[in-house]
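First comes the structure, then the notes that go with it.
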């Protein structure tokens, strides 16, 4: 019992830490983007990853987000109580976490990325650097990474929202989690609309994408809070533990 209690606290602390790291690195990574011709309203986060002065920190945010989703999937698995919908949602969140590593990883690009300022010794370039392509072979590698990046983003958004919908469905069928299920369902619906708008509309596409991720970020805090509750979801036969 003591070991489980310790593991539970460790998991809770890890999720909270990742939530804070994602917010801090995401904010800092956007600083100074206007100097590179970027706009929070019209530019995707991916464009900031390529051209913003503090682009390496957006890579850190992406990796931290992947770890966050994986830890949250573990937390929901512990709360699942054998509920198939929660199990499916947890697996989808874990798959989303894996896809996010491919979103972040692109060692070869066609664009020339801004070098970090000399005084910014904390910039994480010692473990992640991307090179600008020059030869035909390198251009092919850059195009391949760009294609994987786009497809991975679609996987992250699709699987992430699907996982949240699955968890919402489980909450709606359980009297003890019904309010969380309704809130989760509303959040997933709003995310779906905003991500579709960002993908299909050129007008303010960066705004819709960021609003979608902002709602997801708020939901992640709420999910972390409910995963700390001692009560588990009811299983398919209606029993709760």
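Residue numbers (this note's numbering): 171 to 411.
Built from N, CA and C at the ideal position, the CB exists for glycine as well.
Just to confirm, are residue i and residue j a CB contact at a threshold of 8 Å?
| i | j | result |
| --- | --- | --- |
| residue 305 | residue 281 | no |
| residue 231 | residue 206 | no |
| residue 251 | residue 404 | yes |
| residue 354 | residue 341 | yes |
| residue 385 | residue 357 | yes |
| residue 263 | residue 333 | yes |
| residue 390 | residue 189 | yes |
| residue 300 | residue 279 | yes |
| residue 200 | residue 210 | yes |
| residue 329 | residue 269 | yes |
| residue 375 | residue 214 | yes |
Just how far apart, CA to CA, sit residue i and residue j?
| i | j | result |
| --- | --- | --- |
| residue 311 | residue 275 | 13 Å |
| residue 402 | residue 216 | 38 Å |
| residue 258 | residue 267 | 14 Å |
| residue 307 | residue 273 | 22 Å |
| residue 271 | residue 335 | 22 Å |
| residue 243 | residue 393 | 10 Å |
| residue 387 | residue 359 | 14 Å |
| residue 183 | residue 315 | 34 Å |
| residue 261 | residue 239 | 10 Å |
| residue 180 | residue 187 | 10 Å |
| residue 344 | residue 367 | 32 Å |
| residue 373 | residue 379 | 11 Å |
| residue 377 | residue 254 | 35 Å |
| residue 241 | residue 309 | 36 Å |
| residue 265 | residue 256 | 14 Å |
| residue 396 | residue 249 | 9 Å |
| residue 185 | residue 323 | 22 Å |
| residue 227 | residue 400 | 36 Å |
| residue 198 | residue 277 | 21 Å |
| residue 191 | residue 317 | 27 Å |
| residue 178 | residue 204 | 42 Å |
| residue 381 | residue 325 | 18 Å |
| residue 208 | residue 313 | 21 Å |
| residue 220 | residue 176 | 40 Å |
| residue 363 | residue 371 | 12 Å |
| residue 212 | residue 202 | 15 Å |
Looking at the secondary structure, which residues open and close the alpha helix (DSSP H) in which residue i lies?
| i | result |
| --- | --- |
| residue 370 | 348-370 |
| residue 201 | First-last for residue 201: undefined, no H or E at that position. |
| residue 211 | It is not in any alpha helix (DSSP H) - residue 211 carries neither H nor E in the DSSP assignment. |
| residue 328 | 306-342 |
| residue 387 | 375-397 |
Relative to the C-alpha of residue i, which candidate in the options has its C-alpha closest?
| i | options | result |
| --- | --- | --- |
| residue 398 | 220, 245, 193 | 245 |
| residue 327 | 343, 369, 351, 313 | 369 |
| residue 351 | 235, 325, 337, 319 | 337 |
| residue 319 | 229, 195, 371 | 229 |
| residue 331 | 197, 396, 383, 277 | 383 |
| residue 284 | 224, 241, 256 | 224 |
| residue 234 | 196, 220, 202, 256 | 196 |
Can you list the alpha helix (DSSP H) stretches of 4 or more residues lying completely in the region 223-253, in chain order?
225-249
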